[in-house]
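Here's the structure, in structure tokens; my notes come after.
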Amino acid sequence: MASSVSADDSNSTERFLDAIHEPQDSLSPIKNYENAPLVSLEEVVVSIAHLVDNVGADVWVAKRNCKKPKDGLTSDESAAIYLYTMESVYRRLNHDLRNKKREVLVPWFAYLKLLLTALWKLPDVKCLLHRGVKADISDRYIEEETFVWWGITSCTSSISVLQSEQFLGQTGTRTLFSIESFNGKSIKNHSHFPGEKEVLLLPCSYFEVMGKINHGHGLATIHIRQLEPPVRLIQPPFNSVRAAPSRQHQSSHEHGSPTVDSVSTRLSQLSPFQNSLKTTTFDINVVTKRPVVRLNVERPKDIMCANDKYLLYFAADWTLFLVDEQGHQVWNSGDYGGRVSNICWSYYLQKFLSATTWCARQLHSIDLKSSKGPFVLVKEFDDMVKNAESYSSGGAITTTCHEKSFFINETLYTEGNDTWTESFHEYNMSDWKLIRTISTVPPALRKREPLIEVVRLNSDGSRLGFIMTKYDSRDSKWDKWFELRDTKSMSVLQTIELEKDRPYNLLPLPEGQLLLNMYDGNELFLIDANGKLQKKISYGQGNIRSTALINGKCLVVQTDDELRFHNLQ
Numbered sequence: 001m002a003s004s005v006s007a008d009d010s011n012s013t014e015r016f017l018d019a020i021h022e023p024q025d026s027l028s029p030i031k032n033y034e035n036a037p038l039v040s041l042e043e044v045v046v047s048i049a050h051l052v053d054n055v056g057a058d059v060w061v062a063k064r065n066c067k068k069p070k071d072g073l074t075s076d077e078s079a080a081i082y083l084y085t086m087e088s089v090y091r092r093l094n095h096d097l098r099n100k101k102r103e104v105l106v107p108w109f110a111y112l113k114l115l116l117t118a119l120w121k122l123p124d125v126k127c128l129l130h131r132g133v134k135a136d137i138s139d140r141y142i143e144e145e146t147f148v149w150w151g152i153t154s155c156t157s158s159i160s161v162l163q164s165e166q167f168l169g170q171t172g173t174r175t176l177f178s179i180e181s182f183n184g185k186s187i188k189n190h191s192h193f194p195g196e197k198e199v200l201l202l203p204c205s206y207f208e209v210m211g212k213i214n215h216g217h218g219l220a221t222i223h224i225r226q227l228e229p230p231v232r233l234i235q236p237p238f239n240s241v242r243a244a245p246s247r248q249h250q251s252s253h254e255h256g257s258p259t260v261d262s263v264s265t266r267l268s269q270l271s272p273f274q275n276s277l278k279t280t281t282f283d284i285n286v287v288t289k290r291p292v293v294r295l296n297v298e299r300p301k302d303i304m305c306a307n308d309k310y311l312l313y314f315a316a317d318w319t320l321f322l323v324d325e326q327g328h329q330v331w332n333s334g335d336y337g338g339r340v341s342n343i344c345w346s347y348y349l350q351k352f353l354s355a356t357t358w359c360a361r362q363l364h365s366i367d368l369k370s371s372k373g374p375f376v377l378v379k380e381f382d383d384m385v386k387n388a389e390s391y392s393s394g395g396a397i398t399t400t401c402h403e404k405s406f407f408i409n410e411t412l413y414t415e416g417n418d419t420w421t422e423s424f425h426e427y428n429m430s431d432w433k434l435i436r437t438i439s440t441v442p443p444a445l446r447k448r449e450p451l452i453e454v455v456r457l458n459s460d461g462s463r464l465g466f467i468m469t470k471y472d473s474r475d476s477k478w479d480k481w482f483e484l485r486d487t488k489s490m491s492v493l494q495t496i497e498l499e500k501d502r503p504y505n506l507l508p509l510p511e512g513q514l515l516l517n518m519y520d521g522n523e524l525f526l527i528d529a530n531g532k533l534q535k536k537i538s539y540g541q542g543n544i545r546s547t548a549l550i551n552g553k554c555l556v557v558q559t560d561d562e563l564r565f566h567n568l569q
């Protein structure tokens with residue numbers, strides 16, 4: 001290693017003091033990153049370049065300082081650890097590791113594969129470790145209870161390092177964690193700050209609270225012991241445990257750190273975590289209560305979407321509006337030209353995506369920081385329905401996405417011969433290449449084939465919810481029904497018959513559920529993770545056009561002239 005950076009750089013200490021940001025809720029296990037290819041660090045950071053400023057320059061520094069790596073690591077593996085200890089990566093990575101929306105981790109998969117491969121190859125360190133927080137959070141940790149730290153945990157084997165003023169210090173309100181670890185990873189040979197004697201604990205590390213002491217003068221100490229979790233919370237980076245490079249346990253006695261008894265099994269040897277769809281009831285009864293916010297909107301369109309912070313909706317004056325949970329406007333597009341047909345939020349890209357209709361079939365991301373304007377062209381769909389100018393206003397585009405997968409369906413009406421045509425595709429958002437054409441309906445089959453009206457992926461991407469329609473010549477009406485399909489095979493798992501000739505909307509909810517509403521109707525229908533109708537509730541406050549969910553806890557109901565925000569907590 002050729003690093004000459006001193007450990008007294010105060011900008012480097014935040015990693016050791018960020019336990020206050022660990023969520024107290026139990027999150028979903030981390031999986032699928034292990035399937036990413038093992039490639040160079042330069043290739044790895046391509047997928048996170050939009051998340052981390054100047055990451056390319058930091059990679060250049062890391063690779064130059066890791067030309068002769070120790071501990072049997074490759075240059076790229078050593079540099080992946082080195083990059084983590086720099087300012088650019090660790091804060092955003094740990095933020096996303098602690099996010100309950102697991103799809104935000106997709107851009108990190110390649111980096112996690114390289115980083116965790118490197119860490120898994122390092123010897124396990126069994127010793128007493130230390131980290132802290134400049135706050136009193138001792139009430140969060142109850143003796144004999146267990147908990148998970150979901151991020152990568154930075155600790156030091158030297159209590160004197162932690163007590164220095166650049167770290168926790170020796171005055172003020174502080175919480176000190178003393179950690180009995182059995183598989184820490186000493187990274188001093190691969191760190192931007194080797195003097196910190198940093199030891200990393202892997203993501204999803206599991207602990208038991210052994211005891212707490214209030215020393216007075218603002219200092220509390222919490223003694224915790226690392227345990228094997230009862231289920232696998234993160235997959236190893238190798239295809240199988242046997243494929244992992246051999247590692248030897250070692251004890252660390254640096255600065256008098258006492259050794260602790262090891263636990264007999266490793267994280268990588270636990271039985272696989274069994275993933276199953278949950279059917280926890282989503283309490284839609286809150287919509288019968290008075291909304292916490294009512295936002296007057298002049299003739300809103302039924303096009304809106306939300307992420308963890310904001311709601312984006314399209315108004316009848318051809319303007320897109322971005323508002324927060326309190327209904328405060330953050331941004332508006334001005335006259336957008338009336339081209340928006342559908343919008344969705346991509347956790348992978350961390351952007352709203354706006355699909356446009358008519359002669360230009362395009363997808364734009366909405367980037368408020370772009371110097372070229374907020375609407376950035378992402379994709380032109382040349383492989384969608386051809387000769388779009390020959391179709392009249394009967395068509396529609398519906399989009400949905402999860403992780404890297406983006407689905408788009410277009411149905412268009414040909415006025416001349418009274419027929420419809422359809423095109424349904426899946427794209428990879430990492431390069432926008434076509435993955436598969438799922439279905440196409442040529443115009444001649446309009447009176448025989450069902451068409452897709454709405455499509456939405458559920459919360460984990462394993463299921464697709466469809467609103468389907470088919471013309472019934474016997475009564476000259478359009479039949480409508482809901483379908484739940486398996487995302488991979490497209491096999492139909494469940495159907496629900498709906499009222500004819502009425503448009504419907506679908507909203508994905510937590511735990512795989514979906515919320516269905518009839519346009520300009522006054523009822524909401526809760527569909528469980530298995531595609532069965534779970535509950536129906538009347539909305540006595542006007543007709544519903546559409547719905548959206550902000551941060552999993554604020555249900556927004558769009559009526560003829562209002563957006564109504566209902567708090568689910």
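Residue 1 is where the sequence shown starts when you use UniProt numbering, and the numbers rise one by one after that. Every residue, glycine too, gets a C-beta built ideally from N, C-alpha and C. Keep in mind that this is a model prediction, so the values were computed, not measured.
Applying the 10 Å Cβ sphere with the 16-neighbour rule, what's the burial state of residue i?
i      : result
Met210 : exposed
Thr421 : buried
Lys433 : exposed
Ser390 : No answer about Ser390 holds up, because its pLDDT of 45 lies below 50 and its placement is not dependable.
Lys309 : exposed
Gln226 : buried
Leu524 : buried
Lys369 : exposed
Pro203 : buried
Thr171 : exposed
Ser546 : buried
Closest Cβ-Cβ distance between residue i and chain C: below 8 Å?
i     : result
Pro23 : In the structure shown, chain C does not exist; there is a single protein chain.
Output needed for residue i: all residues of its chain with C-beta closer than 7 Å, excluding positions within five of it in sequence on either side, in chain order.
i      : result
Asp76  : Ser40, Leu41, Leu114
Leu112 : Tyr33
Asp486 : Arg463, Leu493
Arg92  : Leu51, Val52
Leu46  : Here residue 46 is Val; the residue named in the question, Leu, does not match the sequence. Closer than 7 Å at the Cβ level, and outside the excluded window around Val46, lies no residue.
Asp479 : Thr469, Lys470, Asp472, Lys500
Pro230 : none
Leu484 : Arg463, Gly465, Leu493, Gln494, Gly531
State the DSSP-derived secondary structure class of residue i, mapped to helix, strand or coil.
i      : result
Arg98  : coil
Ile142 : coil
Ile550 : strand
Pro510 : helix
Val55  : helix
Ala355 : strand
Ser371 : coil
Tyr347 : coil
Asn285 : helix
Phe182 : strand
Ser154 : strand
Ser47  : helix
Val455 : strand
Ser246 : In this predicted model, Ser246 has a pLDDT of only 35, less than 50, meaning its place in the structure is not dependable enough to derive any value.
Val104 : helix
Asn522 : coil
Lys536 : strand
Val292 : coil
Leu555 : strand
Ser365 : strand
So, are the CB atoms of residue i and residue j less than 8 Å apart?
i      : j      : result
Leu515 : Leu509 : yes
Ile537 : Asn214 : no
Thr153 : Leu116 : no
Ser365 : Leu353 : yes
Leu233 : Tyr206 : yes
Val323 : Leu295 : yes
Tyr348 : Met429 : yes
Ser341 : Ala306 : no
Val89  : Leu97  : no
Thr411 : Val455 : no
Ignore the nearest five residues each way along the sequence and tell me which others in residue i's own chain have a CB closer than 8 Å to its CB.
i      : result
Gly521 : Arg502, Asn543, Ile544
Arg290 : none
For residue i, which residues in the same chain have their Cβ closer than 6 Å to its Cβ, ignoring the five residues on either side in sequence?
i      : result
Asn332 : Thr319, Phe321
Val292 : Phe565, Asn567
Val44  : Ala110, Tyr111, Leu114
So, do the stretch 131–147 and the stretch 62–80 have three or more beta carbon pairs nearer to each other than 8 Å?
Two segments are said to touch when three or more pairs of C-beta atoms, one from each, lie closer than 8 Å; by this definition the stretch 131–147 does not touch the stretch 62–80.
Cβ pair count under 8 Å reaching 3, the stretch 299–319 against the stretch 552–559:
Counting Cβ pairs under 8 Å, three or more are found: they touch.
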